[in-house]
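The opening position of the sequence shown corresponds to residue 102 in the numbering used here, with each subsequent residue numbered one higher.
Cβ atoms here follow ideal geometry from the backbone N, Cα and C, with glycine treated the same way.
No experiment lies behind these values; they were computed from the predicted model shown.
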Amino acid sequence: MREIDVSFVSTAVKGLFLKANTSIGQDVYNALVTALEKIEESPVGRRVLEQIIKNHDAARATGMPICQDTGMAVVFADIGQDVHFTGGDLVQAVNSGVEQAYSEGFFRRSLVRDPLFDRTNTGTNTPAVIHTRIVRGERVHILITPKGFGSENMSAVKFLTPAQGPEGVRDFIMDTVKAAGPNPCPPTIIGVGVGGTMELAAIMAKRGTLYTVGRRNPDAKYGALELEILEAVNNTGIGPGGLGGRVTCLDVHIDFAPGHIAGTPVAVNICCHAARHAEITL
Ligand code: SF4
102 MREIDVSFVS TAVKGLFLKA NTSIGQDVYN ALVTALEKIE ESPVGRRVLE
152 QIIKNHDAAR ATGMPICQDT GMAVVFADIG QDVHFTGGDL VQAVNSGVEQ
202 AYSEGFFRRS LVRDPLFDRT NTGTNTPAVI HTRIVRGERV HILITPKGFG
252 SENMSAVKFL TPAQGPEGVR DFIMDTVKAA GPNPCPPTII GVGVGGTMEL
302 AAIMAKRGTL YTVGRRNPDA KYGALELEIL EAVNNTGIGP GGLGGRVTCL
352 DVHIDFAPGH IAGTPVAVNI CCHAARHAEI TL
């Protein structure tokens, strides 16, 4: 049994949110540069990509946030079953790390206490949305994303009949992308969860937005479906910033889980070009 003081978790979470909000992942950055140099043909689309890349360069150089929407804090924690947390409450520790990062980074705090009846700001950008999994071993892996809501708002969940198959999944994703149009700040990364229950599909979709650009599902059939949908999305002509062009999406990631014989939930989670994520293993 390995003991980890929760103060280490706080410090790690704080560092991850400071980093993610000011420095885009190299995979996303490289994909934007490739889109500009090799793919985008539209002059307006190219101009938008230039500005996005310039914005990322400026954020990295100055430590300023990539976007004014510094997001809702989402944390995925894979916790080894041989870990014992000491020194306090794990959830409080995660939230403390988020609060410190948003304070020190002067990041916008975007959460209200109650979405319907008390829309006062919590003042801390907490509570974070925390997803935990118990895994083998004595390590803790933390993956975070500050999730902007221009793109989160464009996400969707639907239940397909089993007979609708891959075509049904593709049609639902395309309907969601076309309805979103320019709103999710393209070029996007699209995460898709297929199977399980409604909430499992949604969590898989969220994780999908955080996979490295260019990663393919190890199952060849799903990997091929990812590429087919990526091409279809980029043929919509929505383009960078929604102003027209070839590059609407940088990648599509589909995860699947065993499902019930009677239904196939499909969740589509869209992430904007500010696809911010960071991770650490303790
Ligand atoms: S969707 Fe992304 S890029 Fe657009 S405003 Fe929100 S965080 Fe910023």
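- For D170, the shortest separation between its Cβ and any heavy atom of the ligand SF4 lies below 7 angstroms.
- Inter-segment contact for the region 269-278 and the region 210-230 is absent: fewer than three beta-carbon pairs are separated by less than 8 angstroms.
- Look at L331 here: in three-state DSSP terms it is helix.
- One thing to note: V114 has its Cβ no nearer than 8 angstroms to the Cβ of I290.
- Its chain contains A121, G126, L244, I245, T246, L311 as the residues whose beta carbon lies nearer than 7 angstroms to that of H378, once the 5 sequence neighbours on both sides are disregarded; these appear in chain order.
- With contacts defined as CB atoms closer than 8 angstroms, P285 and P341 fail to qualify as a contacting pair.
- When DSSP states are grouped into helix, strand and coil, L326 belongs to the helix group.
- Taken through DSSP and simplified to helix, strand or coil, P359 comes out as coil.
- Buried is the label assigned to M173, since at least 16 other Cβ atoms lie within 10 Å of its Cβ.
- One alpha carbon belongs to P366, the other to V314, and they sit about 24 angstroms apart.
- Of the residues assessed, G249 falls on the buried side of the cut-off, its CB having 16 or more other CB atoms within 10 angstroms.
- Here K259 is actually not in contact with T337; their C-beta atoms are around 19 angstroms apart, not less than 8 angstroms.
- Across the set F186, D179, M255, E268, the C-alpha of D179 shows the shortest separation from the C-alpha of I235.
- For A178, there is no enclosing alpha helix (DSSP H); the residue is part of the beta strand (DSSP E) that begins and ends at 173-181.
- The beta carbons of L331 and V149 sit no closer together than 8 angstroms.
- In this structure, the CA atom of Q169 is about 22 angstroms from the CA atom of N131.
- Proximity of the region 354-365 to the region 320-330 meets the contact definition, three or more beta-carbon pairs being nearer than 8 angstroms.
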